[in-house]
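Written out below as structure tokens is the structure these notes cover.
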Amino acid sequence: IEIDNSGKIYQKLLHNNYEIIRNFYKKVNDELYNTKFDIHFSGSTCVLVFKIGQKLICSNVGDSRAILVKNKITLNKSNLHDIEYDYVQLSYDHKPNNKEERERIEKSGGEVAQEYFIDKQDEPAGPFRVWNKGCNYPGIAISRSLGDKIAELIGVISEPDILEFDIDNNCKYIIMGSDGLFDHLCNDDIMRIAGPFLKENNPDEFLKHKSKITVY
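Its first residue numbered 1, the sequence shown is counted upward by one per residue in the numbering used here.
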């Protein structure tokens, strides 16, 4: 989201530690309770990036992610500039096995484990998930979300992390996606695959042909 009138809006966002953004997440989460959707065992991640002048403000809950791709200029053997690409991760993935996330969940009566087995005899497998202690639910693989009413009772929250970054002319584009992208490809691979298409300002072609691209 690119915002004009950057000076006044930026100062307002800074006021009270991005209270406007935090209230947005709270409002969306509260309104989900009044929709036709059953959110006891379902919800959503969210990642937002605001561009305000030469600032980026990224907020997120869950494990959808945003990365900023920028030029990385180096000198080659002939002292000429080589332009490569580098990235900055703009958001923080909320996984239940992260120390602070696990502590909050356990204090709320939840349990973090790869799989929940009543007899504890089987080998754990898969990603770390949040469980109601002594139960085999809800089994959610993130520690923050919008919705997920049952998981909310055991420490899964809708409070976003908010990070701010300065940008300059070397910053080229932002790639945003869910865990369906970032759990299967690392940031470097995504940057490399998307680069030629985004350089030509043709993201639609990247989306159309991504299944045909080989990842090395």
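All C-beta atoms in this analysis are idealised placements derived from N, C-alpha and C, irrespective of residue type, glycine included.
Other residues of its chain near residue i: CB distance less than 6 Å, five sequence neighbours each side excluded
i    : result
G7   : none
K149 : I39, H40
K51  : E2
L198 : Y173
Chain C within 8 Å of residue i, Cβ atoms only
i    : result
N136 : Absence of chain C from the displayed structure is noted, only one protein chain being present.
Whole-angstrom C-beta distance between residue j and residue i, which should lie under 8 Å
i    : j    : result
G110 : N136 : Their Cβ separation, rounded to whole angstroms, is 13 Å, which puts G110 and N136 out of contact at 8 Å.
F165 : L68  : 7 Å
A194 : F206 : 5 Å
DSSP bridge partner residues for residue i (one or two, in chain order)
i    : result
C55  : For the sequence presented, residue 55 should be read as Lys rather than Cys. In the DSSP output, where bridge partners are listed per residue, K55 has I52, D166.
R22  : Answer is none; R22 lacks a bridge partner.
S108 : The partner list for S108 (beta bridge, DSSP) is empty, contrary to what the question assumes.
E2   : K51
M176 : A66
P138 : W131
E84  : K72
S145 : Answer is none; S145 lacks a bridge partner.
V61  : C46
Q89  : I67
C171 : K70
A113 : R129
I157 : R144
Cβ shell of residue i (< 8 Å), same chain only, five flanking positions each side left out
i   : result
N98 : S143
Which listed residue (the options) has its alpha carbon closest to that of residue i
i    : options                : result
N187 : Q89, K208, V112        : Q89
P160 : N170, Y33, S64         : S64
C58  : Y18, E115, L185, S145  : Y18
Y25  : K36, K70, S42, L48     : L48
G147 : Q114, R22, N29         : N29
P217 : E84, A151, N170        : Since the displayed the chain opens at 1 and closes at 216, residue 217 lies outside it and no answer follows.
D168 : S42, G139, K70         : K70
V112 : S91, Y92, G134         : G134
N23  : F37, I175, S158        : S158
G43  : G139, K208, N201, I175 : G139
N202 : S91, L56, H184, I175   : I175
R192 : F128, E84, A125, V156  : E84
Close Cβ partners of residue i (< 7 Å) along its chain, the five nearest in sequence each way excluded
i    : result
S178 : T45, S64
I154 : I105, S108, G109, G110, V130, N132
H15  : none
H94  : V61, G62, D63, E101, I142, S143, R144
L32  : I39, L146, G147
D86  : K70, K72
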